[in-house]
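Numbering (our numbering), first residue to last: 174 to 564.
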Ligand SMILES: Cc1cc2nc3c(=O)[nH]c(=O)nc-3n(C[C@H](O)[C@H](O)[C@H](O)COP(=O)(O)OP(=O)(O)OC[C@H]3O[C@@H](n4cnc5c(N)ncnc54)[C@H](O)[C@@H]3O)c2cc1C
């Protein structure tokens, strides 16, 4: 089968590449392994669909760490304002939370996705679902389809295959084999925005499911403020996720359970609460420490010092031992994949002319907070724009 433009992968980056190619007048065939499109995008909607972050460009770019210089032109072409404009154009009213995070009022992805797919269909997009890219033969991309094996020979291709987490939604990373077979070097996949495995004592069991609120998390030179949930497996949650790059390396984790107070202020409040009441009452009255925070304090620093200054030091920097980050498949996103060094400025593979890459399959990582979807949309648009000029 011959086609003009082939996109493999129907997540947000592939759909954005499709939109850009269609706008440039190209004819587009989009193939997707799963029975329906954008399953991970819909899953992102289950936690509210944080589309982007309303933030100054420098601060926004800094969230991508070492990859920031590579992503800068793409984010300049399609940044937070553009994402909001695009979503509004698809009929979504948006709101910005107190931290700058931007969500659709609907707090889910399905209305946006429905409107987007309707628009793409009206623009002439051809979609084949249940088409699983299984490898390449010279000049062709091979697919397992419900009707048997099909080979597609396109003029230009955009790969938008996602990362390697939440495999049941389609992003299984199996594509890495096909790129390695084509001689493309890849950075190993690693969990990003991942929870931690912690072996708790039996005392913690009654706190499973309880959120640790208003905590600051520290590992190496990374600090993050937010929430995490104590679970049977360990600790997980948005406050912890920005630390994943350091925690993957085994950096010690410490928690500040009273981040709005200095150590001296904590000590002073403990002293003023007096020695006549139980420690639990002192911690609750003096510092409003919730039962789960107190349990964590006992779990990780028992026996607690009686001296107010020493106890304040523990509360401000509680070491939490952990056994490692949770497995890749559970992570919100994936680091590793196609390195920028393997791509030219238009996101075309240097060693595979006519094949462009976009989205989470590229080797970048960022914390949650809208940075993931924004970069997926920006790289999808960029790859689509440059693919449109090819062939
Ligand atoms: C629980 C959860 C919550 C999240 N919440 C947010 C959030 O609020 N904000 C945010 O910014 N990000 C969020 N994310 C991350 C975001 O959803 C992803 O970064 C984004 O979907 C990646 O887009 P993508 O198009 O690059 O890849 P994907 O969305 O993974 O799409 C890739 C597509 O390629 C298909 N594919 C893979 N291999 C093949 C093959 N061999 N043949 C054919 N098709 C194939 C897959 O089936 C899939 O549909 C969340 C992720 C999870 C898991």
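Backbone N, C-alpha and C fix where the C-beta goes; we use that ideal spot for every residue, glycine too.
Expressed to the nearest angstrom, what Euclidean distance is found between the alpha-carbon atoms of residue i and residue j?
| i | j | result |
| --- | --- | --- |
| residue 137 | residue 391 | The structure shown has nothing for residue 137, since the chain only spans 174 to 564. |
| residue 326 | residue 277 | 39 Å |
| residue 541 | residue 410 | 10 Å |
| residue 270 | residue 488 | 29 Å |
| residue 337 | residue 533 | 9 Å |
| residue 419 | residue 181 | 33 Å |
| residue 355 | residue 262 | 39 Å |
| residue 504 | residue 407 | 14 Å |
| residue 478 | residue 401 | 25 Å |
| residue 461 | residue 274 | 27 Å |
| residue 421 | residue 365 | 9 Å |
| residue 218 | residue 255 | 19 Å |
| residue 204 | residue 324 | 12 Å |
| residue 553 | residue 242 | 17 Å |
| residue 368 | residue 396 | 16 Å |
| residue 141 | residue 563 | Nothing can be reported for residue 141: it is not among the residues displayed for the chain, which extend from 174 to 564. |
| residue 363 | residue 386 | 27 Å |
| residue 344 | residue 335 | 5 Å |
| residue 260 | residue 184 | 15 Å |
| residue 432 | residue 322 | 58 Å |
| residue 546 | residue 389 | 25 Å |
| residue 305 | residue 498 | 30 Å |
| residue 310 | residue 318 | 16 Å |
| residue 196 | residue 537 | 27 Å |
| residue 480 | residue 417 | 34 Å |
| residue 280 | residue 445 | 44 Å |
| residue 561 | residue 314 | 19 Å |
| residue 265 | residue 415 | 28 Å |
| residue 373 | residue 403 | 10 Å |
| residue 511 | residue 353 | 10 Å |
| residue 316 | residue 333 | 15 Å |
| residue 524 | residue 436 | 56 Å |
| residue 456 | residue 379 | 19 Å |
| residue 447 | residue 482 | 13 Å |
| residue 222 | residue 312 | 38 Å |
| residue 371 | residue 518 | 42 Å |
Can you tell me which residues form a DSSP beta bridge with residue i?
| i | result |
| --- | --- |
| residue 409 | 402 |
| residue 521 | 529 |
| residue 300 | 203 |
| residue 128 | Only positions 174 to 564 of the chain appear in the structure, and residue 128 is not among them; the question remains open. |
| residue 429 | 389 |
| residue 332 | 181 and 530 |
| residue 326 | 175 |
| residue 274 | 226 |
| residue 564 | BP columns for residue 564 are empty, so no partner. |
| residue 360 | 510 |
| residue 397 | 390 |
| residue 365 | 506 |
| residue 198 | Looking at the DSSP assignment, residue 198 forms no beta bridge with any residue, so it has no partner. |
| residue 492 | 427 |
| residue 268 | 276 |
| residue 535 | 511 |
| residue 516 | 522 |
| residue 498 | 369 |
| residue 250 | Paired residues: none, contrary to the question. |
If you measure between the beta carbons of residue i and residue j, is that distance less than 8 Å?
| i | j | result |
| --- | --- | --- |
| residue 529 | residue 559 | yes |
| residue 201 | residue 225 | no |
| residue 331 | residue 383 | no |
| residue 291 | residue 253 | no |
| residue 572 | residue 358 | One cannot answer for residue 572 here, as it falls past the ends of the chain, which runs 174 to 564. |
| residue 236 | residue 539 | yes |
| residue 485 | residue 453 | no |
| residue 443 | residue 468 | no |
| residue 210 | residue 548 | no |
| residue 267 | residue 257 | yes |
| residue 507 | residue 516 | no |
| residue 551 | residue 346 | no |
| residue 208 | residue 303 | yes |
| residue 198 | residue 329 | no |
| residue 520 | residue 555 | yes |
| residue 543 | residue 193 | no |
| residue 472 | residue 351 | no |
| residue 470 | residue 430 | yes |
Quiz item: Per the contact definition of three or more C-beta pairs closer than 8 Å, is the stretch 206-214 in contact with the stretch 282-301?
Solution: yes
Self-check item: the stretch 188-195 contacting the stretch 288-302, beta-carbon criterion three pairs below 8 Å
Solution: yes
Quiz item: Using 8 Å as the threshold, is the stretch 419-431 in touch with the stretch 491-500, meaning 3 or more CB pairs across them?
Solution: yes
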